[in-house]
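**Student:**
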Ligand code: URA
């Protein structure tokens, strides 16, 4: 796996990351969602440098200009529900992408820290000869991303994958490295070293889905 850790090069992205982590600023859910969206835009821009380009002639009112344009047929797939603002950020740049959605949640059968990932809903176009961008804002244990990938592979032929995440844990990244093809790219804004016993990223930011959309029962 080729990991692109964007925070390694300080940029305006760091401000967006600081704001989603800050316990006071993150309470403003509109700002939280918009910051995740902005991070998606930055990650999408960086990812775009690794697409395939071909020269096209563009006719302006005054002449013709040759511009290299991306050729990839992109399918943007996000994990419900926390992935929605990240999806929107990516879609702002890859505006002609096809879209796919998959649901995954942590099921705690014994009401303790142990959990299994349940994948239920999946709606997607064909992925054959397309570039799949799989977006998951919080790459904690990596288990949901792997379960989702397994579910997608059962129903579709996957040709090329870019994973996009806002925040990850080193353990989760090591885990997914063993489950995705070697040529998979991971575009990630920030990486923390720890996971707690419940599989939350430390210091992380808390529950991204709840911060974006409110607490659930
Ligand atoms: N999902 C979250 O929203 N936060 C974490 O820290 C881990 C998974």
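In the numbering used here, the protein residues as written are 1277 to 1493. Think of the CB as a built atom: it goes at the ideal place given N, C-alpha and C, for glycine as much as any other residue. Computed from a predicted model, the values in this text were never measured in an experiment.
Nearest to residue 1351 by CA position, among 1441, 1344, 1437, is which residue?
**Tutor:** Closest by alpha carbon: 1437.
**Student:** Output the residues surrounding the ligand URA, defined as those with a CB atom closer than 5 Å to any ligand heavy atom, in chain order.
**Tutor:** Result (chain order): 1414, 1416, 1476, 1477, 1480, 1483, 1484.
**Student:** At what residue ranges does the segment 1288-1366 contain a whole run of the beta strand (DSSP E), taking only runs of 3 or more?
**Tutor:** Complete beta strand (DSSP E) runs here, min 3: 1329-1336, 1339-1346, 1350-1356.
**Student:** Run through the DSSP bridge pairs and tell me what residue 1468 is partnered with.
**Tutor:** BP columns for residue 1468 point to 1445.
**Student:** Quick one: grab the DSSP three-state call for residue 1370.
**Tutor:** It is coil, neither helix nor strand.
**Student:** According to DSSP, simplified to helix, strand and coil, what is residue 1424?
**Tutor:** It is helical.
**Student:** So does the segment 1337-1346 actually touch the segment 1382-1391, counting three or more Cβ pairs closer than 8 Å?
**Tutor:** With a cut-off of 8 Å, the segment 1382-1391 and the segment 1337-1346 do not count as touching, because too few Cβ pairs lie within range.
**Student:** Taking residue 1422 as the reference, which of 1482, 1457, 1287 has the closest Cα?
**Tutor:** Closest by alpha carbon: 1457.
**Student:** Measuring CB to CB, does residue 1461 end up less than 8 Å from residue 1411?
**Tutor:** Not closer than 8 Å, so no.
**Student:** Check whether the Cβ atoms of residue 1315 and residue 1465 sit closer than 8 Å, and answer yes or no.
**Tutor:** Yes, the pair counts as a contact, with Cβ atoms nearer than the cut-off.
**Student:** Do residue 1481 and residue 1433 come within 8 Å of each other at the CB atom, strictly closer than that value?
**Tutor:** No, Cβ-Cβ distance for residue 1433 and residue 1481 is not below 8 Å.
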